[in-house]
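Numbering (the UniProt record's numbering), first residue to last: 1 to 260. The next block holds one structure in the form of structure tokens; read it before the comments.
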Amino acid sequence: MVDDEHVPGALRHSFAVLDAVGQGGPAGLDVPEISARSGCHPRTVYRHLASLRALGMIDASPTDSRYRLGPGIAALALQASDQANFLRKARQFAQETGEETGLPVHVTVFDHGTAVTVASADSGLRNSGEMAPIVLGSRRPAHASASGKVLLAHSPSAFRAYTTRVVESFTENTITAVKALEDECAAVRELGWAIDNQEFIPGVTCLAVAVWGANQRVVGTLSVSTSLMESAHLRRDELLDLLRPAAAAFSASIGGKVPA
């Protein structure tokens, strides 16, 4: 946590004004009341109210000169709620799918060209020892991971930005040619799933399917990791039969729907 003394004074004052307005509830507060609650001089309150109104964080009544929280705050609150719900469901479906498969399962999202693990389940599950434990916050390059391919396949803008950089090779199976990666992503969209065939870590294969959010947008992936030894016992189609309905249920739980 950042020490309060290192927070810029202007930011501290803006937050104090915003917090005071929030405490006023639907009835709202006038400037003297906001000044009293925030501890800021009325001139300071006016200045910060003007900035917060411009950002949509505060509304001002034209009839009684009282201030209330604006639509910008409501939007942030909704986003925070959506994110919290996504992470809660991610943990739930990772755990349930891990128990069904007996394999490491993780949920990822796209961030700066990588697939980032935001939920996982591998404790007590079958693990041959060839795979490193899945760590929350761990990142895998999008082009060399099943999850990353799903995320690139459903975001043309992300794909274009990603392929302007040098596409690094990690194993002899890593796809590094842009055209080949483009074809791979097209296949992912058609099939509805992606595979990483030892493209990032030798001896490890991953399968991933998309998690859909509102507005028919892919917001993450649900994936399972297998070693070569394990994949001989659990074939790809068997794993997909578990992953697909789990991802569909995950999508539905956050207001999304897998396209027909």
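Yeah, the Cβ is synthetic: ideal placement off N, Cα and C, and Gly gets one too. Note that the structure is predicted; figures quoted are calculated from it, not measured.
Query	Result
Please name the residue in 30, 225 and 152 whose C-alpha comes closest to that of residue 64.	30
So, at 8 Å on beta carbons, what are the nonlocal neighbours of residue 2 in its own chain, with the 5 sequence-adjacent residues on each side left out?	Low local confidence applies: a pLDDT of 42 at residue 2 is under 50, so the model's placement there is unreliable, and no value is given.
Which two residues bound the contiguous beta strand (DSSP E) that contains residue 64?	From DSSP, residue 64 is part of no beta strand (DSSP E); its letter is neither H nor E.
Nearest by alpha-carbon distance to residue 137: which of 156, 151, 109 and 161 is it?	109
Are residue 163 and residue 181 closer than 9 Å when you measure CB to CB?	yes
Indicate the three-state DSSP secondary structure (helix, strand or coil) for residue 113 in the structure shown.	coil
Looking at the structure shown, is residue 128 part of a helix, part of a strand, or coil, going by DSSP?	Because the pLDDT of residue 128 is 46, which lies under 50, any placement of that residue in the model is unreliable, and the number read from its coordinates should be weighed accordingly. If DSSP states are grouped into helix, strand and coil, residue 128 belongs with coil.
Counting C-beta neighbours from all protein chains within 10 Å, is the total for residue 50 16 or more, i.e. buried, or is it exposed?	exposed
Report the CB separation of residue 39 from residue 16 in whole angstroms; it is logged as a contact under 8 Å.	6 Å
Could you tell me which uninterrupted alpha helix (DSSP H) segments, each at least 4 residues in length, are contained entirely in the stretch 4-32, listed from first to last along the chain?	9-23
Just verifying my parser: in three-state terms, what is the DSSP assignment at residue 73?	helix
Span of the alpha helix (DSSP H) holding residue 178?	178-191
For residue 213, report the span of its beta strand (DSSP E) as first-last.	204-213
Which residue comes first and which comes last in the alpha helix (DSSP H) that contains residue 44?	42-54
Classify residue 107: buried if its beta carbon has 16 or more other beta carbons within 10 angstroms, exposed otherwise.	buried
Could you pull the DSSP bridge partners for residue 82 from this structure?	Answer is none; residue 82 lacks a bridge partner.
Assign residue 120 to one of two classes, buried (16 or more other C-beta atoms within 10 Å of its C-beta) or exposed (fewer than that).	buried
Would you call the stretch 69-87 in contact with the stretch 190-206, where contact means no fewer than 3 C-beta pairs closer than 8 Å?	no
Can you tell me whether DSSP reads residue 101 as helix, strand or coil?	helix
Start and end of the alpha helix (DSSP H) containing residue 150?	146-153
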